[in-house]
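First to last, the sequence lines map onto chains A and B. Taking this note's numbering, the leading residue of the first sequence gets 1, the next gets one more, and so forth. Taking this note's numbering, the leading residue of the second sequence gets 328, the next gets one more, and so forth. Just so you know, even glycine gets a beta-carbon here, dropped at the ideal spot from N, CA and C. The model shown is predicted, which means the values in this text are computed figures rather than measured ones. This report refers to the structure that appears directly beneath it.
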Amino acid sequence: MQTMPDSHPPAVEARDLVKTFGALRAVDGIDLDVPRGTIFGILGPNGAGKTTLLRMLATLLKPDAGSARVMGHDLVSASHEVRKSIAMTGQFASLDEDLTGRENLMLLAKLWGFRGRARARADQLLEVFELADAARRQVKDYSGGMRRKLDIAASLIVTPSILFLDEPTTGLDPNARKSVWRMIRALTGEGVTILLTTQYLEEADQLAARIAVIDHGRKIAEGTSRELKAATGSGFLHVTLTDPARIAAAAQLLEQTLGGEAQRNAEGAVLSIKANSPHEANAALATLAAAGISIEGFSMAAPSLDEVFFALTGHGAESTPATGEPK
Amino acid sequence: MKSEANIAVIQVERPAEPGALSNALAFGWRAVLKFKHVPEQLFDLVMTPLMFTLLFTFVFGGALAGSTDSYVQFFVPGILVQTVVFNSVYSGMGLSTDLGKGLFDRFRSLPIWSLAPFAGLMVGDVLRHLIASLIILSIGMLLGYRPGAGFAGVLAALALLIVIGFGVGWVFLVLGLVMRTPNTVMTMAFTGIMPLVFASNIMVDPGTMPGWLRAFVDVNPVSLMTTAMRGLMNGGVTGTELGLALLAPALLTALLAPVTLWLYRRR
């Protein structure tokens, strides 16, 4: 790796990062290049190694092998410098439940050196995050959405050069999710690089300029949302058969017309297959009708994470068993 | 998030990087806030030693020392040692709780003195030990305890208690870092503490114990601490007694402080 000082190194430059927990290779040799000022998405199912990767980049876990530079600083030998330029909002709120919202932010503001201005800084953030009314309430009485907002506010006491967000919208209702998305976009407008993990293709699609797809600790694909979809097909046709017994015949017909492989959903009577246009899908449905296979319904949809995974790996995005990652 | 424009408002110039002491004080402030928000922890801290004091004084006192008055005189310095040793467990449980909730992930990803969170735990400990000891001492005095060495003796005894709590606290911080849940920390801790506290000279004079047990009681660090506490509070403490009482806290700090730091940094 280049060790010469560089005036504009990438936000993250990781080479062959490895982290093992016992026999499990949670992160199994990942390279990552995150350009400055962009939103970069890490997409993968539960247990794929996303959190472990993020925790390494946030200096919370030491890599077992490989190396990485964050904003040009080596993760291991210059961890203090790395910490000055990052902030991390984990999957589980890292807040003190016993303290009030304001006190949580004040504690962090004091730790960043705001001293006498800590309270003013806390109140400013509470205002922007619409938590001013809850400033004096203990965090244990906050709702999930409020906690997430406070947790993100806690990462913005000083504006980080790079913000790590581990599944920022998991468990949030649709409104709270949209509001977190808006905030993430606004932060990039301010020059903050964002590296986020998600299980939702839609989220990566909506936010991220580039997406890395992770499975079993390895990067299996990387590209823009458009590039990934090109690999997957722009849309999927889902067909529900009236008679589950005809599924094999139907699958064969669809595969002949549309190319690619039909995926049988667990329920038994539903087939999913890549379709490049509604026109193609229409033609495929016509062949089913011609063969006397009646259908109960059909739909066209953008590919789900599962379908992207199926296209990339040949297996679904099933969660791998609990990894025993330390919290 | 009100609007995207407001995000710009939250940008600020970075303050100068604070020093280690400033970091430690911030965590100390957190420990004080915990007392404000969770005052019921004092109840936990005081109830056990209070029950012990009342039970032993009134139920066993007369039989053990001839009268409840003379038993209280014997018992109070020892129950203070027990109080502090029991309460040291709280730090380990608190640490385990914080680690489990991911709170320390935030702290560890900040550019701060990496030991500052421990300094905060220590501040909480000192406060806990002081408050609990003062309450138990007051109750002891209501029951008739009179410190023969006067106010100065009591002050010196409180100082010794804080040193004892500091030294013993490392054991439970290590447990807090190693065990997965606060409850395991508590169970493990009390399994170890119970024999040390009961097979000591806190409650009874070991003179009537079988020889093999006395051999243990005489070298039990809890007994050594209790002897020094009696000397300090009732008068007549010797330098040797003080030295022996400080031996275990000093050894534990020398051995376990590095282990604690290593475990914490390794996580």
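B/Arg357 belongs to the set of residues whose beta carbon lies under 9 Å from a beta carbon in chain A. Note: A/Ser272 is bridge-paired with A/His238 and A/Gln263 in the DSSP secondary-structure output. By the criterion of a C-beta distance shorter than 8 Å, A/Asp123 is surrounded in its chain by Arg102, Ala132 and Ala135, once the five residues flanking it on both sides are discounted. Using a CB distance cut-off of 9 Å, A/Arg55 counts as an interface residue toward chain B. In terms of beta-carbon proximity, A/Ala122 stays away from the interface with chain B, with every pair separated by 9 Å or more. Around A/His80, the beta-carbon contacts reaching into chain B at under 7 Å are Pro438.
Close partners of B/Glu344 in chain A (Cβ separation under 9 Å): Lys84, Trp112 and Gly113. For A/Asn104, same chain residues with a beta-carbon under 7 Å away, outside a window of 5 residues either side, are Leu95, Asp96, Val139, Leu150 and Ala154 in chain order. Pairing A/Gly90 with B/Asp432 gives a Cβ-Cβ distance under 9 Å. Apart from the 5 residues on each side of it in sequence, B/Tyr398 sits with its Cβ closer than 8 Å to the Cβ of Phe383, Thr384, Phe387, Gly388, Gly389, Leu391 and Ala392 in its chain, given in chain order. Its Cα nearest to that of A/Val34, the residue A/Thr224 stands out among A/Val18, A/Gly44 and A/Thr224.
Between B/Thr424 and B/Leu372, the CB-CB gap reaches or exceeds 9 Å. Shown here is that no member of the stretch 257-288 of chain A has a Cβ falling below 8 Å from a Cβ of chain B. As a beta-bridge residue in DSSP terms, A/Thr89 pairs with A/Leu165.
Beta-carbon to beta-carbon, B/Gly503 and B/Gly451 are separated by about 13 Å, too far to satisfy the 8 Å threshold. Residues of the stretch 32-60 of chain A with a Cβ closer than 9 Å to any Cβ of chain B, in chain order: Arg55, Ala58, Thr59 and Leu60.
Put simply, the CB of A/Gln138 is near chain B, with a gap under 9 Å to one of its CB atoms. Against chain B, the CB of A/Phe236 has no partner CB under 9 Å away; the residue lies outside that interface. Rounded to whole angstroms, the Cβ separation of A/Leu61 and B/Arg435 is 10 Å, and the two are not in contact under 8 Å. Against A/Glu103, the close residues of chain B are Leu360, in the order they occur along the chain (beta-carbon pairs closer than 7 Å). For B/Thr535, the number of other beta carbons within 10 angstroms of its own is below 16, and it is reported as exposed.
Rounded to the nearest angstrom, the Cβ distance from A/Lys19 to A/Thr52 is 5 Å, consistent with a contact under 8 Å.
Closest option to A/Thr240, judged by alpha-carbon separation, among A/Glu280, A/Ile293 and A/Gln252: A/Ile293. Here the C-alpha atom of B/Phe543 lies approximately 8 Å from the C-alpha atom of B/Ala526.
Contact check for A/Val308 against A/Leu228 passes: the beta carbons are separated by less than 9 Å. Taking every protein chain shown into account, the CB of A/Ala311 has 16 or more other CB atoms within 10 angstroms, so this residue is buried. Between A/Phe21 and chain B, the shortest Cβ-Cβ separation is not below 9 Å.
Collapsing the DSSP output to three states places B/Gly494 in a helix. At a C-beta separation below 8 Å, B/Ala353 has these neighbours in chain A: Leu107, Lys110 and Leu111. Listed in chain order, the alpha helix (DSSP H) elements of length 4 or more contained wholly in the stretch 52-92 of chain A are 79-85. In the structure shown, the three-state DSSP call for A/Thr197 is strand. For the 9 Å CB-CB criterion, A/Val12 and A/Pro63 do not form a contact.
Around A/Thr159, the beta-carbon contacts reaching into chain B at under 9 Å are Ile337, Gln338, Val339 and Arg341. Listed along chain A are Leu111, each with a C-beta nearer than 7 Å to that of B/Asn350.
When beta bridges are read from the DSSP output, A/Met300 appears opposite A/Leu237. C-alpha of B/Leu437 to C-alpha of B/Asn350: approximately 11 Å in a straight line.
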